[in-house]
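A quick write-up on the structure given underneath.
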Amino acid sequence: MQFAAGAVGGTLLTPLPWKLADDSAVWSQNWSWRPSPERGEITKVPSVCTLCAGGCGIQARLVNGNRAILIEGNPANPVNEGSVCALAASALQFLYAPYRVTQPLKQTKKRGDKTGFQAISWEQAQTELSKKLEEIRGEGPHTVACITSSRRSSMDDLWAQFFNAYGSPNLFKMPSECDASKSAAQLTTGNSSTFAFDLENAGYVLSFGANLLDGCAAPSRASGALRRWKKDRYPVKIVQVESRASITASKADVFLPINPGTEAALAMGIAHLMVNGANYDAYFVKNNVFGFEDWTDSNGKKHQGFKSLVSSSAYTPEQVAKITGLEPAKVRELAKEFASQPKALAVWGTGRADVSNNTYHELVFVALNALKGNLKPGGLIGLAPKAPLSELSAQKDILSENSSQQPRLDLAKSQNCPCPQNGLYGFLDAVSSGPKYPIKLLMVHEANPAHCLPENKLFAAAAEKVPTLVSFSSFMDETALQSDYILPDHMALERFDDVIGIPGAPYGYYAVSAPIIKPLLDTKHTGEVLMKVASTLGGTVASSIPWKSYEDFLKFRVEGIAKAKAGAVIDKPIEISSIKAGDPVTSNYSDAADLFKKLKAGLCWHDAPSAVTFDKTTSGKLELACQSIGKNAQSSDDVIYLPHFAPLKPSGSESEWPLLLVSYSSPRVSCGYLANTPFMNKLIPDSMLAGDELFIDLNPQTAASLGIAQGDQVKIKTTQGEAGAKANITPAARPGVLYIPRGMGHKAYDEYIGNKGVNACQLMEVQLDPVSGMGTVWATRAQLRRV
Amino acid sequence: MNEEKTSASGKVVGVLLFVLGFAGALVLGYLVFPNLLYSQKLQPLNFSHAAHRDNDCDSCHKFRPDGTYAGIPKISNCKECHESAQGNTEAERILVEEYVAKDREVPWMVYARQPDNVFFSHAPHKGKGVECVTCHRDVTKEEKLPPMREDRITGYSMTTMEMTECEKCHSAKGVSNNCEVCHK
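What follows is the structure, encoded as structure tokens:
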């Protein structure tokens, strides 16, 4: 006893107990799962973000050149001026994600069975893909298809080159908001481009549902424009018109809540008052617009003009008020304000960057801007200029020549469309419902249609009919999981890529995204896989794709800019929005090699905006009466040529489905190919997602009529599917309309990403646009009940 | 009487036992425990600071242009003179054959590395005129690197400076001892 007492007393006087207590606390800092940053030299590597189409300059902070620890904005880039969105800021969580595909995989069991994936070597993967492509080519190359991203990069052109040389017309892009803009630009100006908006120089912005601050196509540029609008001594007035009080609405000076999908009706109402009050740019309209007045076609047949249509009784303020839910006086006030402001700009959008709009509604907004004179040279709307990159031209052999006679599969469905565009929905529909010819191999690149394509069951149904599905995804996403082969691409920060233009920006822009870090895993650039496959196929396919590396391919593309001596590299701070159409931009690079070197170092290339030209239309003017619609017209009604309010009716009866479900994009949720990062999930408010439960927004009035209280568990049923969720009662929602965020409800990935909320795409209805044949999404009829 | 004697000797024995326990614990706590707690690891090769004393500390233990401290020189620094062997020592052989020729970094163990939860920058200390030897051992005459004594529980070096040392110096110099000065 005494010995023990002495030992205890003695021990207390030694450092032993105190050191052990201290060490046990410190020991907890060194648990193996606790992240410990690598120590060493910190360097910054500039590059350009390719996670969305926004083209932001970024710089990565690296430790010892091999461990990336931070992505931040590059202040030298004129588009984002140092800012980045949540997606780019958390891009490293994709790079080091546990759900990355670490090497090529082959499914040995049933599709979708994760345990069936067997690791194979790149040599085996490429050989098997080449062999399949070779076999199919002999039987008919048109039976190979690909779905790729809607980003604007040289990768798209490489895919097109491969498909042209190989001999298949079935290359499709994921839907984008720009699709409808392209369609409208084609119809009204004859140019294959998209409209571009001089946001920075506008004096008054009337936004018809454009989600400028909710993650639109170029989010950093939009927030930069907002900064300028608010900074001026006389701040620019922003009027946001849409059905839901979005973030953009909250930042606007005036928010006008209207019934969903009726923005075009309001625009027609404003145009009605401008025309009837002779309060429009009559000089521009008279000299540069075709179809404003009644017109005569080449057969001598007389047709109604836009003036007559818009000034009719269908678009009086009272009628428009009935459609939109606004007061007639408000319509008059808005029209007066828009017409009288000298630099008023109308912008528009679907509120979702990755779905297309109704072409007639696009035309309405173009018409409203035409009345304002915004499409004249030096006006606030132009066409997105194209960087003069080296063009690609595929060499064809007898097989590709023969197969080029085969129609693209989507055209079977959209053959009645007067202005058919790249119709992914038509293609999926055709493949799943007995196509003209079967698809034997489908490749999916930088896309996850199994999850993020509205009405994603269409992809599942089509994929079932395709014997071989190949994914090039870096991640184990829903589409990769359903694939027979996964040939993982490098993650965006590990590879060469480029950005060709900023969506909706009037200036020319081109940037090379150089890798910030060596590939971490056994992945391969999809461009280089295509090069390898083309070389194995040999003949004209190989000679059409002669490059050995993707960097070489980009060097080739950049040669085009250097040859044209166009534009300049931005190597000192400039206000890019101050450059006007036709302003000289003197090149500041000596040759193609010098230009590429500068681009690789993170500098971007720019050129002056280009004014809208109308010389490619039948009339040589801006066509408000789109004569090209008449080519395949099924109706003799004159209104088919003209911009007008033409909502596509959602299926289901109003009595059975009394509510409308509208999906929306949030800057906190990535709703495209990339899933949310864990960091972004932390940004989601509890009113959108709590735990794994998604909230559906509904108005207090709607909630009261359904007997639903805040946070109640509800069951939503639409004409397309059903799901469980929670109710979030908010006046931000329009009465009678339910709102669901896009991008949630992943079933693949891991516990931090998957099974959070509901995938809106499984509930939404897609309707084919009658003009372009592309899928549009606006509202779906729905029921909601408490459970 | 006997009981009293027994009681007295019992007390002596008790005191002796107490002293024995007490002394044993002191021996254990001061002599045995540290040797048990800290391992003795040898560096991958010996480095003689004395042989390099023509240079001052800064010429090898540099500050980068951005002000951050580069720490132990990289193999590229060694290569400047040791591209080929400069003598016949075992350390020279290991350096040239195992590291210089293979262009591998020497995995030196650091005697004074601070934990991850401490933000320590050499630059402001150097700027205020704190000498290297205030915190680090004087290596000017050191021919043999001492073994690295690593705490088996925490993994930190025995010579890692503890918070009290930092605080004492900060107090003496009138520098803030607020938590966020070092724990960012």
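For the record, the sequence lines run as chains A and B.
For the first sequence, the working numbering assigns the number 19 to the initial residue and increments by one for each residue that follows.
For the second sequence, the working numbering assigns the number 506 to the initial residue and increments by one for each residue that follows.
From the three backbone atoms N, C-alpha and C, an ideal C-beta is built for every residue, glycine too.
This one's a predicted model, so the numbers in the text were calculated from it and none came from an experiment.
Rounded to the nearest angstrom, what separates residue i and residue j at their Cα positions?
i               : j               : result
I577 of chain B : A498 of chain A : 45 Å
L30 of chain A  : D40 of chain A  : 14 Å
G529 of chain B : A25 of chain A  : 7 Å
A643 of chain A : F302 of chain A : 16 Å
I714 of chain A : G729 of chain A : 10 Å
K394 of chain A : A478 of chain A : 46 Å
D559 of chain B : V638 of chain B : 17 Å
E824 of chain A : R246 of chain A : Residue numbering for chain A in the displayed model covers 19 to 805; residue 824 of chain A lies beyond these limits and cannot be assessed.
L398 of chain A : E99 of chain A  : 22 Å
G83 of chain A  : R609 of chain B : 15 Å
Y574 of chain B : A628 of chain B : 7 Å
T798 of chain A : D589 of chain A : 49 Å
D710 of chain A : I771 of chain A : 10 Å
K325 of chain A : P346 of chain A : 21 Å
R803 of chain A : T486 of chain A : 41 Å
D570 of chain A : K550 of chain A : 14 Å
V517 of chain B : G27 of chain A  : 18 Å
L38 of chain A  : R657 of chain B : 11 Å
L113 of chain A : Y682 of chain A : 27 Å
G208 of chain A : K733 of chain A : 47 Å
L541 of chain B : N92 of chain A  : 52 Å
G73 of chain A  : V328 of chain A : 38 Å
What is the DSSP secondary structure of residue i, reduced to helix, strand or coil?
i               : result
H764 of chain A : coil
F215 of chain A : strand
G91 of chain A  : strand
T161 of chain A : helix
P467 of chain A : helix
K255 of chain A : strand
F226 of chain A : strand
P335 of chain A : helix
L786 of chain A : strand
K132 of chain A : helix
L80 of chain A  : strand
K62 of chain A  : strand
F493 of chain A : strand
F663 of chain A : coil
E260 of chain A : strand
A800 of chain A : strand
D175 of chain A : helix
G793 of chain A : strand
A629 of chain A : coil
K191 of chain A : strand
Given that a residue counts as buried once 16 or more other Cβ atoms are within 10 Å of its Cβ, and exposed if not, what is residue i?
i               : result
C684 of chain B : exposed
N375 of chain A : buried
R642 of chain B : exposed
P425 of chain A : exposed
G323 of chain A : buried
Q591 of chain B : exposed
W796 of chain A : buried
P703 of chain A : exposed
Y503 of chain A : buried
R170 of chain A : buried
Is residue i near the ligand NAP, judged by its Cβ being under 7 Å from some heavy atom?
i              : result
T61 of chain A : With respect to small molecules bound, the structure shown includes none, and the ligand NAP cannot be examined in it.
When DSSP builds the beta bridges, which residues end up paired with residue i?
i               : result
L460 of chain A : A:A163, A:L487
C622 of chain A : A:A529
A503 of chain A : The sequence shown places Tyr at residue 503 of chain A, not Ala. Looking at the DSSP assignment, Y503 of chain A forms a beta bridge with A:K124, A:V488.
Y543 of chain B : B:D656
V587 of chain A : A:W623
Which residue spans inside the region 677-761 of chain A form an unbroken alpha helix (DSSP H) run of at least 4? 696-701, 718-724
Runs of alpha helix (DSSP H) wholly within the region 383-465 of chain A (minimum 4 residues, chain order): 416-421, 429-432, 442-450
Only counting runs of 4 or more residues, tell me where the alpha helix (DSSP H) segments fall wholly within the region 301-373 of chain A, in order along the chain. 324-328, 335-342, 346-358
In chain order, what are the residue ranges of uninterrupted alpha helix (DSSP H) at least 4 long that sit wholly in the region 563-591 of chain B? 580-587
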